[in-house]
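Just below is one structure, and these are the notes that go with it.
There are 2 protein chains.
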Amino acid sequence: MDTRTKILTTALSIFNQEGVDNTSIRRIARDVGISHGNLRYHFSSKEAIIMELFNMMSVEMDEQVKIYLSYGSDIKAFIETARYSAKVFLKYRFIMNDVIGISRQFAPLKTALQINYNKRKQQFFMILTYLVQMKLVKPEPFPNYYKKFIDNGMLVNDFWVPISDLYYSVPETDKIEQYFRSWIIYLLPVLTEKGLEEVQQHVSFE
Amino acid sequence: MDTRTKILTTALSIFNQEGVDNTSIRRIARDVGISHGNLRYHFSSKEAIIMELFNMMSVEMDEQVKIYLSYGSDIKAFIETARYSAKVFLKYRFIMNDVIGISRQFAPLKTALQINYNKRKQQFFMILTYLVQMKLVKPEPFPNYYKKFIDNGMLVNDFWVPISDLYYSVPETDKIEQYFRSWIIYLLPVLTEKGLEEVQQHVSFE
Numbered sequence: 007m008d009t010r011t012k013i014l015t016t017a018l019s020i021f022n023q024e025g026v027d028n029t030s031i032r033r034i035a036r037d038v039g040i041s042h043g044n045l046r047y048h049f050s051s052k053e054a055i056i057m058e059l060f061n062m063m064s065v066e067m068d069e070q071v072k073i074y075l076s077y078g079s080d081i082k083a084f085i086e087t088a089r090y091s092a093k094v095f096l097k098y099r100f101i102m103n104d105v106i107g108i109s110r111q112f113a114p115l116k117t118a119l120q121i122n123y124n125k126r127k128q129q130f131f132m133i134l135t136y137l138v139q140m141k142l143v144k145p146e147p148f149p150n151y152y153k154k155f156i157d158n159g160m161l162v163n164d165f166w167v168p169i170s171d172l173y174y175s176v177p178e179t180d181k182i183e184q185y186f187r188s189w190i191i192y193l194l195p196v197l198t199e200k201g202l203e204e205v206q207q208h209v210s211f212e
Numbered sequence: 007m008d009t010r011t012k013i014l015t016t017a018l019s020i021f022n023q024e025g026v027d028n029t030s031i032r033r034i035a036r037d038v039g040i041s042h043g044n045l046r047y048h049f050s051s052k053e054a055i056i057m058e059l060f061n062m063m064s065v066e067m068d069e070q071v072k073i074y075l076s077y078g079s080d081i082k083a084f085i086e087t088a089r090y091s092a093k094v095f096l097k098y099r100f101i102m103n104d105v106i107g108i109s110r111q112f113a114p115l116k117t118a119l120q121i122n123y124n125k126r127k128q129q130f131f132m133i134l135t136y137l138v139q140m141k142l143v144k145p146e147p148f149p150n151y152y153k154k155f156i157d158n159g160m161l162v163n164d165f166w167v168p169i170s171d172l173y174y175s176v177p178e179t180d181k182i183e184q185y186f187r188s189w190i191i192y193l194l195p196v197l198t199e200k201g202l203e204e205v206q207q208h209v210s211f212e
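Below you can see the structure in the form of structure tokens.
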């Protein structure tokens, strides 16, 4: 592993465990086993490391569209996309753990977060619209309902990880599956009977 | 207004605007117009102020049960309870803005947050169970569905305020109404036809 990758891997692990505010760039250098100066040669500041980790998360997130399309855009595709997205969010959990603090202190990341948020919303809307066309999801009860439904869904998507750490003792190995299920639970009331049947072929709720 | 109340009001306002981490106890004293020593006579630490504000929020939250019961426990009661709860959350928004950071740094508040969370979940479950009995909300599609539905609902409840600050430019005067509506939107897919008709008597979605 080259030094740059080592710095990013180590920083990600410390940020996830201890938060951004409690982590200094010196601490990261110490854990990597390099000098502060050497670390600064690769990243000028803690913010630069955070930004790079955020960019890595965004790239991995964008893969979900490919995964969705590779499964042929049915319920199975939705399920596998949700499972993949759960993995990515868990891997970079420090970002949502402290999204308000980070965006308050660091304007470029705030902008990047906003762009990423809107992109994810559009992807979700695209998937939902398609599921409606396939008669797997019910039509809207009134115009623009699904836009609002997605606004709420983004809260479930973004804050399940922080909240599972704070209020629930979910074993690390179960987190991806439970997080993914919270998504399916969210979608459930808008599924048609056909949609529900298809979901139950892939996920058990017993 | 006595000094103690002045300290709490000022601290709440600064925490909401600038976050807990960026606010020192000296800054609060300065804004109140008292000495650091005088402030410390009332509150031994910043954490003590946060704890007191959290207790105030909890007391105001508990009022929602009274409001619910005073409206006769139908859809109107649910609507007015959601609106009231939106007001309280907005008033103390710094807590959810930085819930992970605060609970990481301050163990007693973490415990208090966990207790408060479970209490609110139970209240929500009680209301939902009643709405099912009244045939305003559909029966569960499978056992324990509504417990999971509420887990997700709590994320909408707790993170709408931070997210509206981060991703949306909602005018302050519209926030209570929009926050409250996000709750109704969340409930909508599980309403029966009768439930939907009753909601539409009180809330317009045009």
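These protein sequence lines map, in sequence, to chains B and P.
Numbering follows the working numbering, with no gaps: position 161 of the first sequence is 167.
Numbering follows the working numbering, with no gaps: position 33 of the second sequence is 39.
Using N, Cα and C, we set each Cβ at its ideal position, and we do this for glycine too.
Fair warning: this is a prediction, and the values are worked out from it, not measured in the lab.
Boundaries of the alpha helix (DSSP H) harbouring Glu183/P: 178–193, taken from the DSSP string. Taking the Cα positions, Tyr136/P is about 13 angstroms away from Val71/P. Apart from sequence neighbours up to five positions away, the residues of its chain that approach Ala17/P with a beta-carbon distance below 6 angstroms are Ile34, Ile55, ordered along the chain. In this structure the segment 73–87 of chain B does not lie against the segment 156–166 of chain B, because fewer than three pairs of beta carbons, one per stretch, are closer than 8 angstroms. Residue state for Leu142/P is assigned as coil, using DSSP reduced to three classes.
Within chain P, the residues Tyr151, Lys154, Phe155, Asp157, Asn158 have their CB atoms less than 9 angstroms from the CB of Ile191/B, given in chain order. Contact between Thr198/B and Lys141/B holds: CB atoms are separated by about 6 angstroms, below the 8 angstroms threshold. Per the C-alpha coordinates, the member of Arg10/B, Asn103/B, Ile190/B, Ser51/B positioned closest to Gly39/B is Arg10/B. The Cβ-Cβ distance between Phe60/P and Ala118/P falls below 7 angstroms. Listed in chain order, the positions of the segment 104–118 of chain B with a beta carbon within less than 9 angstroms of a beta carbon of chain P are Asp104, Val105, Ile106, Gly107, Ser109, Arg110, Gln111, Lys116. Taking Val167/B as the centre and dropping the five residues before and after it, the same chain places the C-beta of Phe95, Leu96, Arg99, Met102, Tyr185 closer than 7 angstroms to its C-beta, in chain order. Of the candidates Ile108/P, Gly159/P, Arg187/P, the residue whose Cα lies closest to the Cα of Thr29/P is Ile108/P.
Within the same chain, Cβ atoms closer than 8 angstroms to the Cβ of Ile156/B are found at Lys127, Phe130, Phe131, Leu134, the five residues on either side in sequence being excluded. The C-beta of Tyr174/P has fewer than 16 other C-beta atoms within 10 Å across all chains shown, which makes the residue exposed. Interface flag for Gly25/B against chain P is set, since a Cβ pair is found closer than 7 angstroms. The beta carbons of Thr87/P and Ile73/P sit about 5 angstroms from each other, so the pair counts as a contact at 8 angstroms.
CA-to-CA, the gap between Pro147/P and Glu146/B works out to about 20 angstroms.
Residues of chain P with a Cβ closer than 8 angstroms to the Cβ of Gln120/B are, in chain order, Leu172, Tyr173.
Taking every protein chain shown into account, the CB of Gly43/B has fewer than 16 other CB atoms within 10 angstroms, so this residue is exposed.
The DSSP assignment places 99–103, 105–111, 113–139 as complete runs of the alpha helix (DSSP H) inside the segment 93–161 of chain B, in order along the chain (cut-off: 4 residues). Val162/P has a beta carbon lying within less than 7 angstroms of a beta carbon in chain B.
Among the bridge pairs identified by DSSP, Leu45/B is matched with none.
Approximately 6 angstroms separates the beta-carbon atoms of Leu115/B and Met57/B; this is inside 8 angstroms, confirming the contact. As the crow flies, the alpha-carbon of Lys82/B is around 17 angstroms from that of Lys144/B. Under the DSSP definition of a beta bridge, Leu197/B partners with Val143/B. For a Cβ distance threshold of 9 angstroms, residue set Ile169, Leu172, Tyr173 of chain P lies close to Tyr123/B, ordered along the chain. About 6 angstroms separates the beta carbons of Gly25/B and Asp104/B, which is inside the 8 angstroms limit, making them a contact pair.
Chain-ordered, the chain B residues with CB closer than 7 angstroms to the CB of Leu194/P read Pro147. When rounded, the separation of the alpha-carbon atoms in Asp68/P and Trp189/P is 18 angstroms.
Around the beta carbon of His48/P, 16 or more other beta carbons sit within 10 angstroms, so the residue counts as buried. Ile85/B and Phe211/P have their alpha carbons spaced roughly 30 angstroms apart. Taking C-beta atoms as the reference points, Asn158/B and Ile191/P count as a pair closer than 7 angstroms. Rounded to the nearest whole angstrom, the CA to CA distance from Ile121/P to Ser50/B is 42 angstroms.
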